[in-house]
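Engineer: The sequence shown begins at 1 in our numbering and counts up by one.
Built from N, CA and C at the ideal position, the CB exists for glycine as well.
Since the structure is predicted, the reported quantities are computational estimates derived from the model, not experimental observations.
Encoded as structure tokens, here's the structure I'll be asking about.
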Amino acid sequence: MMEEQYDLLVVGGGPAGYVGAIRASKLGMKVALVESAKVGGTCLHEGCIPTKVLLEVAGFMAQAARSGDFGVAVGSPTVDWGALSHHRESIVNRLFLGVQGLLKKNRVDVFSGEGHVVSPEEVVVSGDGQRRLSGTHILVATGSRPRSWPGLSFDHQRVLDSTDALCLEPSGKKIGIVGGGVVGVEFADIFHSFGASVTILEKTDHLVPMEDPELLGILRKEYERRGMVIRTGCEIARIVSDEQGVRVSCVQGGEPVDLSFDTVLVAVGREARLEGVVDGSLGLPMERGFLKVDGYGWTGVSRVYAAGDVTGGLMLAHAASHQAIVAVEKMAGRAPLPFDPLRIPRVVYSHPEVVSVGMSYKEAIGKGIPVREGSFPLLGNGRSLIHGEKRGVVRFPADPESGKVLGFQGVGAGLSELVSLGALSMGVPDGLELLRGTVFPHPTVGESIWEAAMDVTGESVHR
Numbered sequence: 001m002m003e004e005q006y007d008l009l010v011v012g013g014g015p016a017g018y019v020g021a022i023r024a025s026k027l028g029m030k031v032a033l034v035e036s037a038k039v040g041g042t043c044l045h046e047g048c049i050p051t052k053v054l055l056e057v058a059g060f061m062a063q064a065a066r067s068g069d070f071g072v073a074v075g076s077p078t079v080d081w082g083a084l085s086h087h088r089e090s091i092v093n094r095l096f097l098g099v100q101g102l103l104k105k106n107r108v109d110v111f112s113g114e115g116h117v118v119s120p121e122e123v124v125v126s127g128d129g130q131r132r133l134s135g136t137h138i139l140v141a142t143g144s145r146p147r148s149w150p151g152l153s154f155d156h157q158r159v160l161d162s163t164d165a166l167c168l169e170p171s172g173k174k175i176g177i178v179g180g181g182v183v184g185v186e187f188a189d190i191f192h193s194f195g196a197s198v199t200i201l202e203k204t205d206h207l208v209p210m211e212d213p214e215l216l217g218i219l220r221k222e223y224e225r226r227g228m229v230i231r232t233g234c235e236i237a238r239i240v241s242d243e244q245g246v247r248v249s250c251v252q253g254g255e256p257v258d259l260s261f262d263t264v265l266v267a268v269g270r271e272a273r274l275e276g277v278v279d280g281s282l283g284l285p286m287e288r289g290f291l292k293v294d295g296y297g298w299t300g301v302s303r304v305y306a307a308g309d310v311t312g313g314l315m316l317a318h319a320a321s322h323q324a325i326v327a328v329e330k331m332a333g334r335a336p337l338p339f340d341p342l343r344i345p346r347v348v349y350s351h352p353e354v355v356s357v358g359m360s361y362k363e364a365i366g367k368g369i370p371v372r373e374g375s376f377p378l379l380g381n382g383r384s385l386i387h388g389e390k391r392g393v394v395r396f397p398a399d400p401e402s403g404k405v406l407g408f409q410g411v412g413a414g415l416s417e418l419v420s421l422g423a424l425s426m427g428v429p430d431g432l433e434l435l436r437g438t439v440f441p442h443p444t445v446g447e448s449i450w451e452a453a454m455d456v457t458g459e460s461v462h463r
């Protein structure tokens, strides 16, 4: 068995692994990356990128459905599934080739196979034979996989996970979605836009439970206006799949409800990919099935770090990348700020989009923080009206005395491109003044951010 020496061994080549590997190389470290499938991970091949391609096309379909509002007569659009699949795969493949090229350019040695952390300094790679890699530091970044419903296996035909859903041709099907989180809500938009009858089943009292209920109420009304059925407060009792379809039994408002679907997407969260990755004798700390780390990604065991979905938390690609960068900078002797989940923007890429970063007004009140909220309805924004978007709002909870921005939330078209301004403003002492002194071009959706920042002190011009 060959043994090679490195400064950093990265196990997993997704957004945490490959970004951490490249950053470490740029900091002068000799890096090896072990990946069992394709570099880029779930996000590139089965998650973020392919779903957003479908959501982009879903947006075209929704626009076509209301083209008459713009004075344009468009017949019922049809989807060429072969062409759409080719389009999606061409985008994924272009980005995949880009990641491969970046790793090569930055002199990261990539090993194909399963990586097994057998000691705090060694990783064994299983594939064509075995290789033993030795490293000063180890970064575990093996990601996550869809969690199944208890007692129910994915058959990948009628009971689907999010990867299966990418290849489903939903037109004419009756589809149930178990779970009204981000994945469930985004696929509901896709399926409905492509001609399916969609029902979302969510056990809490509103969609995307971790986000502001009022904002999600706006999204719910839009989904219901478009014809989707949303059942919140729906506790699933049983799911049965057979040749006739899928039957779901649940309890809603204390009453039993039986529903039948052609297909069910189970979107109830994700679990860490850790089987065979880490030797149990290492004693790495765990919490709810995920690796437990501090703000720098350190597991507390020797020089073993972890980043990304395998640590739980937000489970977002950009969060994973940032967490990995913090970890490798710490390894390299830099002094990075610790990973702060509050500073990570969150986006639901639905139509309309839902965005958030930091604390909401209610969260700040609950923590006893002085706060006042400024807001602006997108109904008053010229660019939103030009786009045909009349629903939506942006909000800034802030301390009006110090000018400190505590967060940013909103629902509306195009806000995913603006939420990082909220994160940026949170990072400076006088973030409110930074926003109020920024000139946004007219007409843009960004003008609503200025209006909301001004509204914190009741000085919005167009409200």
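Who are the Cβ neighbours of glycine 431 in its own chain at under 8 Å, not counting the five residues just before and after it?
Structural biologist: As a position in the sequence shown, residue 431 is number 431, starting the count at 1. Around glycine 431: Ala398, Gly403, Lys404, Val405, Leu424, Ser425.
Engineer: The beta strand (DSSP E) that contains arginine 372, what's its start and end?
Structural biologist: Numbered from its first residue, the sequence shown carries residue 372 at position 372. Element bounds for arginine 372: 372-377.
Engineer: DSSP state of isoleucine 200, grouped into three classes?
Structural biologist: What you label residue 200 is simply residue 200 of the sequence shown in a count that begins at 1. Strand.
Engineer: Does the segment 173-183 come close enough to the segment 258-275 to have 3 or more Cβ pairs within less than 8 Å?
Structural biologist: Short answer: they touch.
Engineer: Exposed or buried, what is aspartate 155 when buried is set at 16 or more other beta-carbons lying within 10 Å of its beta-carbon?
Structural biologist: The residue you call residue 155 lines up with position 155 of the sequence shown. Burial call: exposed.
Engineer: With H, G and I counted as helix, E and B as strand and the rest as coil, what does DSSP make of cysteine 167?
Structural biologist: Mapped onto the sequence shown, residue 167 falls at position 167. Residue state, collapsed to three classes: coil.
Engineer: Per DSSP, which residues does cysteine 234 bridge with? Please list them.
Structural biologist: Numbered from 1 along the sequence shown, position 234 holds the residue referred to as residue 234. In the DSSP output, where bridge partners are listed per residue, cysteine 234 has Gln252.
Engineer: I'd like to confirm the pairing. Which residues does DSSP put opposite leucine 8 in its beta bridges?
Structural biologist: For this step, residue 8 is matched to residue 8 along the sequence shown. Answer is Val31, His137.
Engineer: First and last residue of the beta strand (DSSP E) that includes valine 347?
Structural biologist: Residue numbering aside, residue 347 sits at position 347 when the sequence shown is read from its first letter. Segment 346-348, the beta strand (DSSP E) holding valine 347.
Engineer: What separation, rounded to the nearest whole angstrom, lies between the Cα atoms of valine 393 and leucine 435?
Structural biologist: As a first step, residue 393 must be located in the sequence shown, where it is residue number 393. As a first step, residue 435 must be located in the sequence shown, where it is residue number 435. If you take the alpha carbons of valine 393 and leucine 435, they lie about 17 Å apart.
Engineer: So is asparagine 93 buried or exposed if we call it buried at 16+ other beta carbons inside 10 Å?
Structural biologist: Position 93 of the sequence shown, counting from 1, holds the residue named residue 93. It counts as exposed.
Engineer: Would you report the Cα separation of histidine 242 and leucine 291, rounded to the nearest angstrom?
Structural biologist: Here residue 242 refers to the residue found at position 242 when the sequence shown is read from its first residue. Here residue 291 refers to the residue found at position 291 when the sequence shown is read from its first residue. First, the residue type needs correcting, since residue 242 is aspartate and not histidine in the sequence shown. In a straight line, the C-alpha of aspartate 242 is about 37 Å away from that of leucine 291.
Engineer: How is the alpha helix (DSSP H) around isoleucine 49 delimited, first residue to last?
Structural biologist: Locating residue 49 in the sequence shown gives position 49, counting from the first residue. Taken as a continuous stretch (DSSP letters only), the alpha helix (DSSP H) holding isoleucine 49 covers 48-65.
Engineer: Does DSSP put phenylalanine 339 in a helix, a strand or coil?
Structural biologist: In the sequence shown, residue 339 corresponds to position 339, counting from 1. Looking at phenylalanine 339 - three-state DSSP - the assignment turns out to be coil, as it is neither helix nor strand.
Engineer: For the beta strand (DSSP E) containing glutamate 417, name the first residue and the last one.
Structural biologist: Taking the first residue of the sequence shown as position 1, residue 417 is located at position 417. Element bounds for glutamate 417: n/a, residue is neither H nor E.
Engineer: Measure the C-alpha to C-alpha separation of valine 251 and leucine 152 and round it to an integer number of angstroms.
Structural biologist: Within the sequence shown, the letter at position 251 stands for residue 251. Within the sequence shown, the letter at position 152 stands for residue 152. Valine 251 and leucine 152: Cα-Cα distance of roughly 18 Å.
Engineer: So is cysteine 167 buried or exposed if we call it buried at 16+ other beta carbons inside 10 Å?
Structural biologist: Mapped onto the sequence shown, residue 167 falls at position 167. Exposed, because fewer than 16 other Cβ atoms sit within 10 Å of the Cβ of cysteine 167.
Engineer: Figure out for me which residue from Gly414, Val277, Lys26 has the closest Cα to the Cα of lysine 390.
Structural biologist: Counted from its first residue, the sequence shown places residue 390 at position 390. That would be Gly414, whose Cα lies nearest to the Cα of lysine 390.
Engineer: Which term fits isoleucine 230, buried or exposed, when burial requires 16 or more other beta carbons within 10 angstroms of its beta carbon?
Structural biologist: Here residue 230 is taken as the residue at index 230 of the sequence shown, counted from 1. Under this definition isoleucine 230 is a buried residue.
Engineer: Are the CB atoms of valine 419 and proline 345 nearer to each other than 8 Å?
Structural biologist: As a first step, residue 419 must be located in the sequence shown, where it is residue number 419. As a first step, residue 345 must be located in the sequence shown, where it is residue number 345. It is a contact, given that the beta carbons lie within the stated cut-off.
Engineer: Beta-carbon within less than 8 Å of valine 456's beta-carbon, same chain only, minus the 5 sequence neighbours each way: which residues are those?
Structural biologist: Sequence index remark: in the sequence shown, residue 456 carries index 456 (1-based). Excluding positions up to five away in sequence, the list reads Arg372, Glu373, Gly374, Phe396, Ala398, Pro400, Leu432.
Engineer: If you drop the 5 nearest sequence neighbours on each side, which residues of the same chain put their C-beta closer than 6 Å to that of proline 213?
Structural biologist: Within the sequence shown, the letter at position 213 stands for residue 213. Within the same chain, proline 213 has close Cβ partners His206.
Engineer: Quick one: grab the DSSP three-state call for tyrosine 305.
Structural biologist: In the sequence shown, the residue the question calls residue 305 occupies position 305. The answer is strand: DSSP assigns tyrosine 305 an E or B state.
Engineer: Kindly indicate which three-state DSSP category arginine 131 falls into: helix, strand or coil?
Structural biologist: As a working note, residue 131 is residue 131 in the sequence shown. Residue state, collapsed to three classes: strand.
Engineer: Could you check whether leucine 160 and leucine 265 sit closer than 8 Å to each other, using their CB atoms as the reference points?
Structural biologist: By 1-based counting over the sequence shown, the position of residue 265 is 265. By 1-based counting over the sequence shown, the position of residue 160 is 160. Contact: yes.
Engineer: Name the DSSP bridge partner or partners of glutamine 409?
Structural biologist: For this step, residue 409 is matched to residue 409 along the sequence shown. According to DSSP, which records beta bridges pairwise, glutamine 409 is partnered with Ser356, Arg395.
Engineer: Between His137, Gly115, Arg288, Val198, which has its C-alpha nearest glycine 129's C-alpha?
Structural biologist: By one-based count along the sequence shown, residue 129 stands at place 129. Checked all of His137, Gly115, Arg288, Val198; the closest Cα to glycine 129 is Gly115.
Engineer: Reducing DSSP to helix, strand and coil, say where tryptophan 81 ends up.
Structural biologist: The sequence position of residue 81 within the sequence shown is 81, counting from 1. Three-state DSSP puts tryptophan 81 in a helix.
Engineer: If you measure between the beta carbons of alanine 327 and glycine 20, is that distance less than 8 Å?
Structural biologist: Along the sequence shown, one-based indexing puts residue 327 at 327. Along the sequence shown, one-based indexing puts residue 20 at 20. Contact flag set, yes.
Engineer: Per DSSP, what are the beta-bridge partners of serine 241 in this structure?
Structural biologist: Taking the first residue of the sequence shown as position 1, residue 241 is located at position 241. Note: serine 241 sits in a beta bridge opposite Val246.
Engineer: If contacts are defined as beta-carbon pairs under 8 Å, then histidine 192 and arginine 158 qualify, I think. What distance do you get, rounded to the angstrom?
Structural biologist: As a first step, residue 192 is located in the sequence shown; it is residue number 192 there, counting from the start. As a first step, residue 158 is located in the sequence shown; it is residue number 158 there, counting from the start. Going by Cβ atoms, the distance from histidine 192 to arginine 158 rounds to 19 Å, so no, they are not a contact pair.
Engineer: For my contact list, histidine 351 and glycine 68 are in at a C-beta cut-off of 8 Å; report their separation, rounded to the angstrom.
Structural biologist: Position 351 of the sequence shown, counted from the first residue, corresponds to residue 351. Position 68 of the sequence shown, counted from the first residue, corresponds to residue 68. Not a contact, Cβ separation roughly 18 Å.
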